[in-house]
Structures are given as C-alpha cells and as structure tokens.
Amino acid sequence: MPDIASRPDRGPAIIAADLITLDANLGADKASVITALAERLAGAGRASDAEALAAAALTREAKSATGLPGGLAIPHCRSEAVAVASLGFARLDPKVDFGAPDGPADLVFLIAAPEGAGAEHMKLLSSLARALVRPEFVASLRGAATEAEVIALVEGVLPPPTRPEPEPESQPKSSTVSAAADPAPTERTIVAITACPTGIAHTYMAADALTAAGQRAGVTVRVETQGSSGSIPLPAAAIAAADAVIFATDVGVKGRERFAGKPVVASGVKRAINEPDAMIADAVRAAADPSTATVEGGSAPADSEESGTGELGWGTRIRQILLTGVSYMIPFVAAGGLLIALGFLLGGYDISDSAAEIVVNNTLGNLPAGGLTTYLGAVLFQLGSLAFSFLVPALAGYIAFAIADRPGLAPGFTAGAVAVFVGAGFIGGLVGGIIAGFAALWVGRIPLPVWARGLKPVVIVPLLATLIVGALMFLVLGRPLAAITTGLTDWLNGLSGSSAVILGVILGLMMCFDLGGPVNKAAYAFAVAGLAVDNHASLQIMATVMAAGMVPPLAMALSSTLRPQLYSPAERENGKAAWLLGASFITEGAIPFAAADLFRVVPSMMIGGAVTGAIVMATDVTLTAPHGGVFVVFAMDRVLWFFIALAAGTVVGALCVTLAKEVKRPAHLTTSAPATQPAAA
Numbered sequence: 302m303p304d305i306a307s308r309p310d311r312g313p314a315i316i317a318a319d320l321i322t323l324d325a326n327l328g329a330d331k332a333s334v335i336t337a338l339a340e341r342l343a344g345a346g347r348a349s350d351a352e353a354l355a356a357a358a359l360t361r362e363a364k365s366a367t368g369l370p371g372g373l374a375i376p377h378c379r380s381e382a383v384a385v386a387s388l389g390f391a392r393l394d395p396k397v398d399f400g401a402p403d404g405p406a407d408l409v410f411l412i413a414a415p416e417g418a419g420a421e422h423m424k425l426l427s428s429l430a431r432a433l434v435r436p437e438f439v440a441s442l443r444g445a446a447t448e449a450e451v452i453a454l455v456e457g458v459l460p461p462p463t464r465p466e467p468e469p470e471s472q473p474k475s476s477t478v479s480a481a482a483d484p485a486p487t488e489r490t491i492v493a494i495t496a497c498p499t500g501i502a503h504t505y506m507a508a509d510a511l512t513a514a515g516q517r518a519g520v521t522v523r524v525e526t527q528g529s530s531g532s533i534p535l536p537a538a539a540i541a542a543a544d545a546v547i548f549a550t551d552v553g554v555k556g557r558e559r560f561a562g563k564p565v566v567a568s569g570v571k572r573a574i575n576e577p578d579a580m581i582a583d584a585v586r587a588a589a590d591p592s593t594a595t596v597e598g599g600s601a602p603a604d605s606e607e608s609g610t611g612e613l614g615w616g617t618r619i620r621q622i623l624l625t626g627v628s629y630m631i632p633f634v635a636a637g638g639l640l641i642a643l644g645f646l647l648g649g650y651d652i653s654d655s656a657a658e659i660v661v662n663n664t665l666g667n668l669p670a671g672g673l674t675t676y677l678g679a680v681l682f683q684l685g686s687l688a689f690s691f692l693v694p695a696l697a698g699y700i701a702f703a704i705a706d707r708p709g710l711a712p713g714f715t716a717g718a719v720a721v722f723v724g725a726g727f728i729g730g731l732v733g734g735i736i737a738g739f740a741a742l743w744v745g746r747i748p749l750p751v752w753a754r755g756l757k758p759v760v761i762v763p764l765l766a767t768l769i770v771g772a773l774m775f776l777v778l779g780r781p782l783a784a785i786t787t788g789l790t791d792w793l794n795g796l797s798g799s800s801a802v803i804l805g806v807i808l809g810l811m812m813c814f815d816l817g818g819p820v821n822k823a824a825y826a827f828a829v830a831g832l833a834v835d836n837h838a839s840l841q842i843m844a845t846v847m848a849a850g851m852v853p854p855l856a857m858a859l860s861s862t863l864r865p866q867l868y869s870p871a872e873r874e875n876g877k878a879a880w881l882l883g884a885s886f887i888t889e890g891a892i893p894f895a896a897a898d899l900f901r902v903v904p905s906m907m908i909g910g911a912v913t914g915a916i917v918m919a920t921d922v923t924l925t926a927p928h929g930g931v932f933v934v935f936a937m938d939r940v941l942w943f944f945i946a947l948a949a950g951t952v953v954g955a956l957c958v959t960l961a962k963e964v965k966r967p968a969h970l971t972t973s974a975p976a977t978q979p980a981a982a
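In the working numbering, each residue carries its 1-based index in the sequence shown increased by 301.
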C-alpha cells in the first residue's frame, strides 16, 4: 500500500499531491469525474475499493446534486471503503455539469469520510466546505500552478490541531455556532439551523453563507449547525433575543420546540447556499410581519420540514401527515402479518377459529389435539393477531402525532380504537387520526395560567382532545364511516372476471407510480387494512399489491444486468442490490434509478406493475401475509401463477425501460470514455 502523507499535529494529511489533478479531462459527466477521483484515493491507499467509494458518492449525488454556484462541486459521502478521511481535488478542463443552477463546474472536491469518522476528521472536512463559500479562496484554487500550492491553500483553511486546553465555547472558529459570542447591537438578530442528510458539507456551507449574508445586510446571524462534526446548541438567551429563525434543513430539526413562537423562514439547505441574501431578507420581513407563520411549540414532527417562506402548503402537509401514520403502522403490519402466516404454516388455516382457546387452555406440558405444531401455530397466530390489531390505532395515533406531536398520541390511538370498535376500519382510522391531531393542536393553543401549563401536554390536551374525537366518532361519524367501509368491502367481494382484472391494473399502477411514496403507501395500506383470512377478495388484493410492488426493483435489476452500458457505475451497483430488495418486496429499491432518469423509469415500471396486477387478479392468486416477498411463499395460494405474474411484469418493465433508454440515451452516457485518466499513485 502506498505511503500516506501525514502531519504530526493531526495524523494523516487530509490532502496530498497524489490526490490532486490539475487542468485535466476526467470525462464529460459527473459519474466519470467521481469515479476518477475515487480511483485516485484508492490508488493512494486511502480507500480499499474505488468502485464502492464511487458508488457511495453517486448514491449521495442522486439524492441532491452537489454542484454549487461559481463553478464548484463537492460530491461527498461516508463509506466503509474509506480508510482515512481524505479530499480528492480536480481542476477540470473541460467543465462538467454537477447540477449547479449557473452552469458546469471546473473545481471539484471529492470529500470522503470513513463510516465511523471521528469528530476531528469531520471538523477538517467541514472546514474545507465552509471555505468554499469565500470568493478569494476559490479564486486562489483556480490560480494555483502546482499541487503544492493547492495543498497549502487547503491546509490554510483547516482548523489548528486540538490543544490540551479547549478553547472557550464562544470562539467562532472552533464552534459550530457560526457567529460571534457577543455581537454588536444591530437592527435585527436572526438565529438559524442548518442540516443536511450527510452532515459533511452543505450543513456548514449554508451556515457560513447565511452568516456572510447577514453581515452584508447589517443583520446579526447566529447559526447552529446540526452536522457530523458535532453541534453546540444555540444559547437560550440568543434564541430568546432573536427576531426570527431560519431552518435551512433537509432533515429534521433537533430541538425544534426551542424556537416556539418565533417567525420562521424554512427551506432546503441548498437554498441557503444559493440564495442566502434572499433568505435573510425573507427573515427580516417575517420579523416585521405580525401575521407571518411562526414555529409552533411541539406541534410539528421533526421530520416534516417547511419549504420556502413560512409553513408548507396544506396539500404537502396533509401528504406528510398521512405518510407518517402509514410509516409507523407498517412495522405492526409486517410483524403481525408474518406471525399470522407462520401460525397458518404450523397450525393450518383452521387455527384462526381456535387459537385463542388453545393459548388460554393449553401449555407445553398440556398440548392440544394436533400436538406441538398445533400449539405453536396457535401461539404464533394469536401473537400475530394481537400485533395486527394495532394496525388502525397505530395509523390514527401517528397521524395525530404528525399534527400535534406527543400530545396527539393518546387521542389518536383512542380514535383508532373507536374506529375498530364501530366497524369503520382503515377509513375511520384516517379520519379519526386527523380529527384527533387537530383537536390536540387546538386544545394546545388555549391560553392557561402559569400554574396549569405543566399539566397541558400530559393531562389537559390528551383529556380534552380524546373527549372531542371520541364524541365525534361515536355520536356523529362512526356509523357513516362504517357504512362506507362495509360498502367498499362488499363491492370488492363482488368483483370477478374483467372487473377484478381492472382493479389489478389500478393497484399495479398505484404500487409503481411513486416507488414507495404516498400513492404506493395508500394502495398498500388499503390492502393490509382489509386483510382477513375469511375474506377471499382481500387475499387477492394483498397478493396483487405485493407482486406489483416487487416489480420495479426486479425490473431495474434485470435491465441493468442485461444492458449495463446504459447505466452509470453507481446504478449498476444499485442493480445488484435491487435483486434482493425486489425479492423482499421493498419497492424503494428502484428509487435511485428513478432519481437519475424519472421520465423513463417510472412509466416503464407502471406498465410492468399493471401487467403483474392484472395477471394476479385474473388467475385468482391469494396471499395471507402482508409482507415478505418470495420469503412468504408458504402463505400463497396458486404459487406458480404468482411467479408467472411477477416474471411477466418484471420482463415487461425491464424491456420498456431498456428500450426507452436505447431510443434516447441520457447525455452523461452517450459520451466516449475520458481522454485521460489519473494515474494510480
């Protein structure tokens, strides 16, 4: 292994001459550039596998482009293949498009961190990212004549080595709070949170961009960076004194309740990098507008962030609320449903009639007729039934949680239980959860005397909100919702022939429309909520939904295997993993392909899913397990037709996407190989 340059004060150097490429042609697309830089790092002994490193960086790239204004790009990732936190640098000629709004990039840093990178390494990487928002530093990189000059520039922006005596928390250069500890009085004071999924680069660049924009506008800005190199929370006094708050995040805000009542401007983290002056101006306007949106104390879930100025539109917010409920419901469904299926495997389908009696009256020392397998089958079935019984209450409870945070849980779960009690089922859970959440939100806004505020979240809100939603569900909504549910069930039970095939096509299209998004989850939730061993139509629907949901990852795996030249290195790696993901009924395995080529991938997958759904319904395939893919084959009836339908949809989807890519191949795949490649160090 090549020697790795090191510095005695901080161990291995983060950058070295053999990681730098100046004025080179590394290819016409970002996949080629990232691959070339990854090969440099591997050749220098800083990564064990160039392909794995490139795949990790390209997977991160698929989530959000890393191109920045001014001809910069900072592809970055954490990977087990990285041995030492490192920077690969390329000054490109010609430039390459990394998705920046103002054009292609000529300066590219590949920021590679080990999977378990320590705080010191993360500080080095984040310091480099922060320097890239300074025009003079970028200009110096463009003017550097040698690798040594680039190294000197990068070393110059890295923090000094850690000293035995830690510096005071208020020192801005070593703190993740990006502002002076004692700012001079100004017209406005703004606090901000920045956070991105990886927490390496964008988090810190957004922080410095906002701080610099505040200085230009004469506004004091203090930023808490919730990134990988650690986070020092903003002092409570600074938050209290702030006129407004900015949330520039792609993930949940930690400690969001600290900012309750503050005027809020929120967006993704890249807007803070690309338009920091506009965000500061928005925050100043919000601070002066009494009607502006504010942060609601404890009322918004950590994972539902705002966009633009103020809160999200209600359409987006409702979608997030419903998805939260479905996401928390699925573990109950998966665990309970699979246990029920195992119970059927051991005890037969008749076990559903006697499981409760067997569990209560028998033990391992007093086995029922049928012996040990019958007893274990009854135990598994009963355990699964109990877990499955939380389906609707969990759906309603976490819908309410998404609206009103923890105070919404008790009324939400109660609303779900009432929905089950009155026969309103899945639809009742949806409606009851929404009512419970908004009831808790409304009760939480009722002003109370100081002595009673401590009781509000644990007693007053749950009590009153539960009373409100319970009364509405029992006295007003329960019977109408139950009638709707019964009517829908009767209609499904009456489907046969061409009508059943049409339903299969619709469910197949829904499962593949957004690859695990709201439409997919709605179809899945519809199937599992009605799943019952004595309801033949519900078992058909479950089989249809599972088979169609398996098609996208399997189809993309097949296409990328048969025609690998149509796909980037990262996509080919994703294709290998997609075989197992598809077999396990994890539709999200196709998302990386859709993110890179949405308008070819999604329609092709929908065609494949529709074919599978139609065949499953037409051949009367049934399934008693709500999850598991090919691993619950024991819970299927007419197994051969299930796999014929799955194979047909997979082949059709793969052919469609392959032909679509052949007819008009993506630009980054039509160019020839780069003229020059970096030599291995």
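Quick reminder that beta carbons are idealized off the backbone N, C-alpha and C, glycines included.
Would you mind working out which of the options sits nearest residue i, comparing C-alpha positions?
i, options, result
"Ala983", "Ser387, Thr360, Phe727 and Gly372", "With the chain covering 302 to 982 only, the question about residue 983 has no answer from this structure."
"Phe410", "Thr526, Lys757, Phe727 and Ile321", "Ile321"
"Ala838", "Thr925, Val903 and Ala848", "Thr925"
"Arg707", "Ala688, Leu677, Val762 and Pro694", "Val762"
"Asp324", "Leu393, Leu369 and Ala343", "Leu393"
"Trp942", "Gly368, Thr923, Val952 and Pro870", "Thr923"
"Val719", "Phe702, Gly698 and Ala703", "Gly698"
"Ala252", "Leu369, Glu416 and Leu960", "In the structure as shown, the chain starts at 302 and stops at 982, and residue 252 therefore has no counterpart that could be examined."
"Ala332", "Ile315, Pro577, Ala355 and Ala343", "Ala355"
"Ala961", "Met907, Arg901, Thr845 and Val953", "Arg901"
"Met907", "Met811, Pro402 and Gly779", "Met811"
"Ala337", "Phe739, Ser365 and Ala391", "Ala391"
"Leu808", "Asp791, Ala848 and Ile769", "Ala848"
"Gly914", "Gly954, Gly929, Trp880 and Leu899", "Gly954"
"Phe633", "Leu684, Leu692 and Arg557", "Leu692"
"Phe399", "Ala884, Asp509 and Ile335", "Ile335"
What are the residues that DSSP puts in a beta bridge with residue i?
i, result
"Gly368", "Ala374"
"Met937", "Leu924"
"Phe283", "The displayed coordinates of the chain run from 302 to 982. Any statement about residue 283 would go beyond what the structure contains."
"Ala568", "Note that residue 568 corresponds to Ser in the displayed sequence, not to Ala. In DSSP, Ser568 forms a bridge with Ala549."
"Ala496", "Thr550"
"Thr490", "Thr521"
"Leu323", "Arg392"
"Asn875", "Paired residue(s): none; Asn875 is not in a bridge."
"Asn667", "Thr664"
"Arg707", "None; Arg707 has no bridge partner."
"Ser380", "Pro415"
At the level of alpha carbons, what is the spacing between residue i and residue j?
i, j, result
"Ala538", "Met580", "23 Å"
"Met774", "Gly713", "12 Å"
"Pro376", "Leu327", "15 Å"
"Val964", "Ala919", "33 Å"
"Gly626", "Pro748", "29 Å"
"Ala318", "Ala406", "21 Å"
"Ala573", "Ile842", "45 Å"
"Lys555", "Ala496", "10 Å"
"Leu623", "Leu696", "8 Å"
"Leu956", "Asp590", "56 Å"
"Leu840", "Gly771", "32 Å"
"Met506", "Asp921", "56 Å"
"Leu859", "Gly876", "8 Å"
"Val777", "Thr767", "15 Å"
"Phe689", "Ile619", "25 Å"
"Thr786", "Ala948", "34 Å"
I believe residue i touches residue j by the beta-carbon criterion, under 8 Å. Please report the beta-carbon distance rounded to the nearest angstrom.
i, j, result
"Arg341", "Val385", "Contact doesn't hold; Cβ gap of about 13 Å is too wide."
"Ala351", "Val397", "Contact flag wrong, Cβ pair sits at about 19 Å."
"Val806", "Ala911", "5 Å"
"Ile540", "Ile491", "The pair is not a contact, with the Cβ atoms about 11 Å apart (cut-off 8 Å)."
"Ile945", "Ile916", "7 Å"
"Pro927", "Gly638", "4 Å"
"Gly678", "Leu647", "3 Å"
"Leu804", "Ile728", "At roughly 18 Å, the Cβ-Cβ gap does not stay under 8 Å, so Leu804 and Ile728 are not in contact."
Review point. Is it a yes or a no for the segment 732 to 743 touching the segment 825 to 841, going by three-plus beta-carbon pairs under 8 Å?
Key: no
Exercise for review: Would you check if the segment 560 to 576 and the segment 588 to 597 touch, i.e. whether three or more CB-CB distances between them fall below 8 Å?
Suggested key: yes
Check your understanding: Can we say the segment 664 to 684 touches the segment 581 to 590, given the rule of at least three CB pairs closer than 8 Å?
Key -> no
Point to revise | Three-pair Cβ contact test at 8 Å for the segment 849 to 861 versus the segment 890 to 897 | key: yes
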